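Quick note: the sequence shown uses the working numbering, first residue 894, plus one each step.
We put the CB at the ideal spot given by N, CA and C, even for glycine.
The model shown is predicted, which means the values in this text are computed figures rather than measured ones.
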Amino acid sequence: MSFVRSRKLSSMLLFTLLFACLMGASKGGNFFQDFDITWGDQRAKILNGGQLLTLSLDKASGSGFQSKNEYLFGRIDMQIKLVAGNSAGTVTAYYLSSQGSTHDEIDFEFLGNATGEPYILHTNVFSQGKGNREQQFYLWFDPTKAFHTYSIVWNQQRIM
């Protein structure tokens, strides 16, 4: 899938359920320096000297954060564990988005479900403000049993 080369993606990430996100120490990244917690009061926490960010959900709200930087290409890895049981009406998501009316965006969303139903991963890509590239994947494993790593890689030629 081709992606607009001139557009920079800002790392704008939104999460609404319990998960942990690790930033590679070898890359020198630090959540204190590189990200702002945008909502969620005490549900979002930066730990381990800025190397770990945890976000959680309770009955009142979820939590989120946003990058202070923009990225033309890259890779993001998230370690996520979904809430077990009936989660219908709850969406766990992270997305990358540029700013403006003709924005570019990469969406990665877990749709809530009724107990016993398979979990669905929903993706979409927007280029110059236009989406309609939605896909859904029925997970073959239980994403509530343990943390799993989910990745988005984007470069000049494709999004994986």
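Beta strand (DSSP E) segment containing Gln1049, residue limits: Element bounds for Gln1049: n/a, residue is neither H nor E.
Look at Ile1052 and Ile999 and say whether their C-beta atoms are less than 7 Å apart. Yes, the Cβ-Cβ distance between Ile1052 and Ile999 is below 7 Å.
Nearest-angstrom Cα distance between Leu915 and Thr995? With a pLDDT of only 33 at Leu915, under the threshold of 50, the placement of this residue in the model should not be trusted, and no figure is reported.
Less than 7 Å between the beta carbons of Thr983 and Gly967, yes or no? no
Closest by CA to Lys1049, which one among Tyr964, Phe1040, Lys1023? Note that residue 1049 is Gln in the sequence shown here, rather than Lys. That would be Tyr964, whose Cα lies nearest to the Cα of Gln1049.
Do the segment 928-939 and the segment 1002-1016 meet, that is, are 3 or more Cβ pairs less than 8 Å apart? no
Would Phe958 and Phe1001 qualify as a contact pair, given that the criterion is a beta-carbon distance under 7 Å? no
7 Å Cβ cutoff met for Ser1044 and Asp970: yes
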